[in-house]
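So the protein sequences, as listed, match chains Y and P.
So in the working numbering, spot 118 of the first sequence is number 118, and the numbers just go up one at a time.
So in the working numbering, spot 58 of the second sequence is number 58, and the numbers just go up one at a time.
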Amino acid sequence: MNSIITSTARCLRLGSWHYRAAHNNGELLSGWARLMCSEAAQKNLAEIVKKDKVVVFMKGTPAQPMCGFSNAVVQILRMHGVDNYAAYNVLDDQDIRQGIKTFSNWPTIPQVFFNGEFVGGCDIFLQMHQSGDLVEELQKLGIRSALLDQEKESK
Amino acid sequence: MSITPDLIREKLIAGIAAIHVDVEDTSPNRCAASFKVLVVSPQFEGKPLLQRHRMVNNCLAEELKEIHAFEQKTLTPEQWEKLKAQ
Numbered sequence: 001m002n003s004i005i006t007s008t009a010r011c012l013r014l015g016s017w018h019y020r021a022a023h024n025n026g027e028l029l030s031g032w033a034r035l036m037c038s039e040a041a042q043k044n045l046a047e048i049v050k051k052d053k054v055v056v057f058m059k060g061t062p063a064q065p066m067c068g069f070s071n072a073v074v075q076i077l078r079m080h081g082v083d084n085y086a087a088y089n090v091l092d093d094q095d096i097r098q099g100i101k102t103f104s105n106w107p108t109i110p111q112v113f114f115n116g117e118f119v120g121g122c123d124i125f126l127q128m129h130q131s132g133d134l135v136e137e138l139q140k141l142g143i144r145s146a147l148l149d150q151e152k153e154s155k
Numbered sequence: 001m002s003i004t005p006d007l008i009r010e011k012l013i014a015g016i017a018a019i020h021v022d023v024e025d026t027s028p029n030r031c032a033a034s035f036k037v038l039v040v041s042p043q044f045e046g047k048p049l050l051q052r053h054r055m056v057n058n059c060l061a062e063e064l065k066e067i068h069a070f071e072q073k074t075l076t077p078e079q080w081e082k083l084k085a086q
């Protein structure tokens, strides 16, 4: 748990200038992006979130997150041994960046989807991890959390 | 109109009957508006996390258009009391 906080804090400190650049970029294009956010884009997202069991819209990639909150989600998934998930870098595509916010009616990135259903952002994901709910939700997806095996070993 | 912690607090009290609101301005370099809020409201009772967060989002819909990063913790009065007791 502490390691998530330290690594996230590190990412936030290092990544603060990334915040600014991405934010300015987003605002310049947001008007245009909203026009482009057609039905087709929404339909595309509807398909994307159903294609894989676990789908994450984030800033950066799992190998190189560009935001502390996105990094936190990646780290939590790693702790549970989930490495077979679809990750979409919103910084690469302004259509997706704006479109997904409209699609899930959620204002921020990262966004996590389980079986095509919106789960929440970093806050919710972190709380689910801390409460143990995440292990249960993964189980419903047919994914066995690595933490269950760790528990077994320590007993 | 600039978004201030007080504005956020007032909106949450008026919008979802929050009995306690902590607002932390986490804007790095004060260039990108970022906030972290703790909201305590009886209206959260019986509602799952996602629903609670959506209530807060709806309450601050206008502000969130300008805010870059937003963290929130949503508690019922009972959960708040338990947390304080720790």
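A virtual CB, placed ideally from N, CA and C, is assigned to each residue, including glycine.
What did DSSP end up calling histidine 20 of chain P once you bin it into helix, strand or coil?
-> If you number the second sequence from 1, residue 20 of chain P lands on position 20. Of the three classes helix, strand and coil, the one that applies to histidine 20 of chain P here is strand, per DSSP.
Ordered along the chain, which non-local residues of its own chain (more than five positions away) have a Cβ less than 6 Å from that of alanine 146 of chain Y?
-> The count along the first sequence starts at 1 and reaches residue 146 of chain Y at position 146. Same-chain partners within the cutoff: His80 and Gly81.
Tell whether a beta-carbon distance below 8 Å holds between valine 37 of chain P and isoleucine 8 of chain P.
-> Here residue 37 of chain P refers to the residue found at position 37 of the second sequence. Here residue 8 of chain P refers to the residue found at position 8 of the second sequence. Yes, these two residues count as a Cβ contact at 8 Å.
Among P:Ile19, P:Glu45, P:Ser34 and P:Ala61, which one has its Cα closest to the Cα of isoleucine 67 of chain P?
-> Along the second sequence, one-based indexing puts residue 67 of chain P at 67. Of the candidates P:Ile19, P:Glu45, P:Ser34 and P:Ala61, the one whose C-alpha sits nearest the C-alpha of isoleucine 67 of chain P is P:Ser34.
Alanine 87 of chain Y, buried or exposed, once every other Cβ within 10 Å from all chains shown has been counted against 16 = Position 87 of the first sequence, counted from the start, is the residue given in the question as residue 87 of chain Y. Classification for alanine 87 of chain Y: buried.
Is there at least one Cβ from chain P nearer than 8 Å to alanine 72 of chain Y's Cβ?
-> Start at 1 with the first residue of the first sequence, and residue 72 of chain Y comes out as number 72. Taking Cβ atoms only, chain P never reaches closer than 8 Å to alanine 72 of chain Y, which makes this a no.
Neighbouring residues, chain P, relative to glutamine 127 of chain Y (Cβ below 9 Å) | Residue mapping note: residue 127 of chain Y aligns to position 127 of the first sequence, counting from 1. Near glutamine 127 of chain Y (Cβ distances below 9 Å), the residues of chain P are Leu49 and Lys73.
Would you say the region 45-57 of chain P touches the region 20-27 of chain P, given that touching needs at least three Cβ pairs under 8 Å?
-> no
In chain order, what residues of the region 94-120 of chain Y put their CB closer than 8 Å to some CB of chain P?
-> Asn105, Trp106, Pro107, Thr108, Phe118, Val119 and Gly120
If you follow the alpha helix (DSSP H) that threonine 102 of chain Y is part of, which residue opens it and which one closes it?
-> On the first sequence, position 102 is the one that residue 102 of chain Y refers to. Note, threonine 102 of chain Y: alpha helix (DSSP H), 94-104.
Which residues in the same chain have their Cβ closer than 7 Å to the Cβ of aspartate 52 of chain Y, if we skip the five residues on either side of it in sequence?
-> As a position in the first sequence, residue 52 of chain Y is number 52, starting the count at 1. Cβ within range, chain order: Tyr85 and Ala86.
Where does proline 107 of chain Y fall in DSSP's three states?
-> Locating residue 107 of chain Y in the first sequence gives position 107, counting from the first residue. Residue state, collapsed to three classes: coil.
Is the beta carbon of glycine 142 of chain Y less than 8 Å from the beta carbon of valine 49 of chain Y?
-> Mapped onto the first sequence, residue 142 of chain Y falls at position 142. Mapped onto the first sequence, residue 49 of chain Y falls at position 49. No; because the gap between Cβ atoms is not below 8 Å, this pair is not in contact.
Looking at the C-beta of alanine 69 of chain P, does it have a partner C-beta in chain Y at a distance below 8 Å?
-> Your numbering for residue 69 of chain P matches position 69 in the second sequence. Cβ-Cβ to chain Y under 8 Å: yes for alanine 69 of chain P.
Given alanine 63 of chain Y as reference, the closest of Y:Gln150, Y:Val74 and Y:Phe114 once Cα atoms are compared | Here residue 63 of chain Y refers to the residue found at position 63 when the first sequence is read from its first residue. Checking every option, the nearest Cα to that of alanine 63 of chain Y belongs to Y:Val74.
In three-state terms, what does DSSP make of serine 131 of chain Y?
-> Position 131 of the first sequence, counted from the first residue, corresponds to residue 131 of chain Y. Of the three classes helix, strand and coil, the one that applies to serine 131 of chain Y here is helix, per DSSP.
Closer than 8 Å, CB to CB, is isoleucine 76 of chain Y near chain P or not?
-> In the first sequence, counting from the first residue as 1, residue 76 of chain Y sits at position 76. So no, isoleucine 76 of chain Y is outside the interface.
Spatial neighbours of proline 5 of chain P within its chain, please: CB distance less than 8 Å, with the 5 preceding and 5 following residues excluded, ordered by chain position.
-> One-based indexing of the second sequence puts residue 5 of chain P at position 5. Cβ within range, chain order: Val23, Glu24, Asp25 and Phe35.
With 9 Å as the limit, tell me which residues of the region 53-70 of chain Y have their beta carbon closer than that to any beta carbon of chain P; keep them in chain order.
-> Cys67, Gly68 and Phe69
Exposed or buried, what is asparagine 89 of chain Y when buried is set at 16 or more other beta-carbons lying within 10 Å of its beta-carbon?
-> Here residue 89 of chain Y refers to the residue found at position 89 when the first sequence is read from its first residue. It counts as buried.
Would you tell me roughly how many angstroms separate the C-alpha atoms of glutamate 151 of chain Y and valine 135 of chain Y, rounded to the nearest one?
-> For the purposes of this step, residue 151 of chain Y is identified with residue 151 of the first sequence, where counting begins at 1. For the purposes of this step, residue 135 of chain Y is identified with residue 135 of the first sequence, where counting begins at 1. One C-alpha to the other measures close to 12 Å.
Cα-Cα separation between histidine 129 of chain Y and phenylalanine 113 of chain Y, rounded to whole angstroms = Counted from its first residue, the first sequence places residue 129 of chain Y at position 129. Counted from its first residue, the first sequence places residue 113 of chain Y at position 113. C-alpha separation (whole angstroms): 15 Å.
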